[in-house]
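In what follows, a structure is listed as structure tokens, so that the remarks can point back to it.
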Amino acid sequence: MLGFLLLIAVAAIRLRDLFAVVMLFGIYSLLTAVLFMDLDAVDVAFTEAAVGAGVTTVLMMSSLRLVGRWEKRPMHGPLLPLLVVTITGGALIYGLSDAPLLGDASAPAHHHVAPRYLQQGLAEVGMPNIVTAVLASYRGYDTFGETFVIFTAGLTVLMLLGTGSATDVRPAHSPIADQIVLRVVVKFLIPFVLLYALYVQFHGDYGAGGGFQAGVIFATAFVLYVLVFGNQAARDVMPAVWLPRLAAAGVLVYGGVGTFSLLLGKPFLDYGALAADPLDGQHLGVLLVEIGVGITVFAVVLGIFYALSGRRRIT
Amino acid sequence: MLTAAIIAIIVTMMLALIRAFQGPTEYDRMLAANAFGTKTVLLIAIGGHALSWHSHLDVALLYAMVNFVGTIAVMRFFESRADGDCGEEGGTL
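For the protein sequence lines, the chains are A and B, in the order given.
The opening position of the first sequence corresponds to residue 1 in our numbering, with each subsequent residue numbered one higher.
The opening position of the second sequence corresponds to residue 1001 in our numbering, with each subsequent residue numbered one higher.
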């Protein structure tokens, strides 16, 4: 499995056909997802499959449409980068020799806070999926920071590229988009994709899923709509100016929950303050926070896609 | 029984992969890639059941959707190259 990954990575570096590289990275990310599944990290595998194999491939493809398919020859020799990479890689491998083996019960990761999360998580947060409990409740600050990172990244892309307005770049009529079968099937499919996204969003407390994955899947439904029905139709449903506002609103929901518990005299992001029973409060808090994350991720992913698909090709 | 099904799916995936690498035309490659993705969904579903990964069906469902969107994106990519400025790149592959 790891050998496969190595092979794909080497092939991706050697190839100059960027389209093939994008495809290879799709497979690479799928294999990574399977590895995560095998390590029993379903939430991570889920994210990897949705983001790595799904949205990234589509985003890369629409950037390829702008920049062309073939990689230019690099202007510098390979020696200096090779030297830097070799030194860094050597340092990393040297550092790895001190790391405990996979599954070693005496590893520090299993002794610091993990036992408490695993043993008391159900009683303190009341959620069967311990990953969501750790992510949204114990490590709420970290996740807040991650949401901010996504928000900032999205804003940066929109500032650099703009949301694009050229409606004729991806017209509503084209040989593929005029296929009646495709139009009907996609029209049927989109509600189910949205429903699945909502399921992932709200089922995160109990099984694999959560705001990050749900936002990506929700955006994927709109990407599908753009691909088949054209830019203008999608912008009629979800205007581009709303996306930055939505992204900000998601962060605001997250921060608002934290500030609300602060005003009630508890620490920032302590959801126990939200209801009379701390367990109910935890449930409510995690739900609200996940919705905030989902909205931000959705708006950012769709905003980046709009930005890329609304531009003309650079010639 | 499950093992036989898994082996059959892997063989099909190999065949699809060979077609994707050889395939004389773009359409062969695209169909092969799509078939490869569909078989991956089946492999996750059956393999997940055999190895008792939990919520493997969620991942399989997600991947089925991703695969569909990806195929359409690839088609649109080739379309946008076909009806315009592919002259200066000259790559027909």
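Ideal Cβ placement from N, Cα and C applies to all residues, glycine included.
- With respect to the C-alpha of Val-193/A, the residue from Ala-50/A, Val-34/A and Asp-205/A having the closest C-alpha is Ala-50/A.
- For the stretch 1004-1057 of chain B, not one full-length beta strand (DSSP E) segment reaches 3 residues or more.
- Taking the C-beta atoms as reference points, Leu-5/A is found nearer than 7 angstroms to Leu-31/A.
- The C-beta separation of Leu-308/A from Ser-62/A comes to about 4 angstroms, placing the pair in contact by the 8 angstroms criterion.
- Around the beta carbon of Phe-151/A, 16 or more other beta carbons lie within 10 angstroms, which makes this residue buried.
- Remark: C-beta atoms of Val-44/A and Ala-208/A do not approach each other more closely than 7 angstroms.
- The beta carbons of Leu-160/A and Ala-219/A sit no closer together than 7 angstroms.
- Beta-bridge analysis with DSSP links Asp-178/A to no other residue.
- Rounded to the nearest whole angstrom, the CA to CA distance from Leu-274/A to Ala-248/A is 22 angstroms.
- Distances from the CA of Met-37/A to each of Arg-1029/B, Leu-1062/B, His-1056/B and Met-1030/B were compared; the closest alpha carbon is that of His-1056/B.
- Considering only beta carbons, the part of the stretch 1049-1073 of chain B lying closer than 9 angstroms to chain A consists of Leu-1051, Trp-1053, His-1054, Ser-1055, His-1056, Asp-1058, Val-1059, Leu-1061, Leu-1062, Tyr-1063, Met-1065, Val-1066, Asn-1067, Phe-1068, Val-1069, Gly-1070, Ile-1072 and Ala-1073, in chain order.
- For Val-289/A, the uninterrupted alpha helix (DSSP H) segment begins and ends at 278-309.
- Here Asp-205/A carries a coil assignment [DSSP, helix/strand/coil].
- Rounded to the nearest angstrom, the gap between the Cα atoms of Ala-1035/B and Val-1041/B is 10 angstroms.
- In summary, the residues of the stretch 59-79 of chain A whose CB is separated from some CB of chain B by less than 8 angstroms are Met-61, Ser-62, Leu-64, Arg-65, Gly-68, Arg-69 and Trp-70, in the order they occur in the chain.
- The C-beta of Ala-50/A comes closer than 7 angstroms to at least one C-beta of chain B.
- Between Gly-285/A and Tyr-271/A, the C-beta spacing is below 7 angstroms.
- The alpha carbon of Phe-1068/B has as its nearest neighbour, out of Val-55/A, Tyr-94/A and Leu-66/A, the alpha carbon of Val-55/A.
- Any Cβ of chain A closer than 7 angstroms to the Cβ of Arg-1076/B would place that residue at the interface, and such an atom is present.
- Secondary-structure assignment with DSSP links Asp-142/A through no beta bridge to anything.
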